[in-house]
Ligand SMILES: [Zn+2]
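In our numbering, the protein residues as written are 9 to 270.
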C-alpha cells in the first residue's frame, strides 16, 4: 500500500505533469483577471455631473461663479478622477470608478465663458445639452458660432429639447406638434448647424415619461439622461434603461456633500 501511495504522489506520468501545469496556468490566469482587470469583468462607472450656469448669482440654486466652478474642478482632479467623454462611455473604454463626465445644460453664454476659463486650459471636455430655440436668438444664450468653436475643441453635444418643455403626456395631449418638435426639430437643427449626429437627449427638468421615451425612440435617439444621483454603469448596456441614464444635478445646497462623496 505504501509503495502505491508513493508512486501516486511522487512519480507523475508526463500526462499528469502536463495536466498539473495546465491547472496551475489556469489558476494563475484567473488570479490575474480577478486582481488586475476587475473592470473588464465587472465593468466601470462614471459620475455624470450636471451643471447649468456660471453667473455668480447665489439666488439661483443651480448657479455658480466661475471661481467656484474652478474650485469644484480642482477638488475633483485632486481626488484622482479622470474627465471622460460620452464617446468613451459609449465605446466602453472607460475603466475604474474614478471618472467624471461634465454635462452643462441649456446653452447659457456663461457656460461658454466657464469652459474657456476653467476647462479649456486643462483640456477637460464637456457635453453641452442645448435647446436650439434660444441659440442665436436670445442675448443670454450662446451663438451657433460659439457652439461650433466648442465642437472644434473636442466637446460633445446633446439635445435638450427645442424649447425646454416637459416631455410628458400633458404636452403630447395639448400641443402635439410642440411635443414632436422637442425631439425632432432640436435634433435636426443641432445636426445641421454642428454637422454631427445627435442621438443623446437630456430631459429638461430631468422629467422622463413613457410618452417621452416613445418619442425619443421614434426619432432615433439611442441614449437619454435624467436626474438620479447614482453613477452610470459602463458598458452602458449594464444600466437598466439607455433612455433613462442617471446624472447628478449639482446645486448650491448639495455641492459640498456631492464633492465629498466622490
Ligand atoms: Zn435645462
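Note that the Cβ used here is the ideal one computed from N, Cα and C, for glycine as well.
Would the C-beta of residue i count as close to ligand 1, meaning under 8 angstroms from any of its heavy atoms?
i: residue 213; result: yes
i: residue 114; result: yes
i: residue 139; result: yes
i: residue 60; result: yes
i: residue 130; result: no
i: residue 172; result: yes
i: residue 168; result: yes
Give me, in chain order, the residues of the same chain whose beta-carbon lies closer than 6 angstroms to that of residue i; leave out the 5 immediate sequence neighbours on both sides.
i: residue 259; result: 69 and 70
i: residue 252; result: 216 and 234
i: residue 269; result: none
Taking the DSSP output, what are the residues bridged to residue i?
i: residue 240; result: 54
i: residue 59; result: 112
i: residue 167; result: 138 and 209
i: residue 253; result: 233
i: residue 149; result: 116
i: residue 90; result: 107
i: residue 273; result: Any answer about residue 273 is impossible in this case: the structure gives the chain only from 9 up to 270.
Using a Cβ-Cβ cut-off of 8 angstroms (strictly less than) and excluding sequence neighbours within five positions of residue i, which residues of its own chain qualify?
i: residue 81; result: 126, 127, 130 and 132
i: residue 43; result: Reliability fails at residue 43, whose pLDDT of 47 lies under 50, so the model's placement of it is uncertain and the value that follows must be treated cautiously. Result list for residue 43: empty, nothing under 8 angstroms.
i: residue 88; result: 106
How about residue i and residue j: are their beta carbons less than 9 angstroms apart?
i: residue 143; j: residue 151; result: yes
i: residue 199; j: residue 156; result: no
i: residue 98; j: residue 209; result: no
i: residue 52; j: residue 113; result: no
i: residue 170; j: residue 205; result: no
i: residue 186; j: residue 179; result: yes
i: residue 176; j: residue 214; result: no
i: residue 168; j: residue 100; result: no
i: residue 64; j: residue 76; result: yes
Going by beta carbon distance, what residues of the same chain come within less than 7 angstroms of residue i, once the five residues before and after it are set aside?
i: residue 83; result: 267
i: residue 123; result: 134 and 158
i: residue 192; result: 227
i: residue 145; result: none
i: residue 173; result: 179, 186, 190 and 212
Contact the segment 239 to 256 vs the segment 55 to 69: 3+ CB pairs below 8 angstroms: yes
Segment contact flag, the segment 85 to 100 with the segment 216 to 229, C-beta cutoff 8 angstroms, min 3 pairs: no
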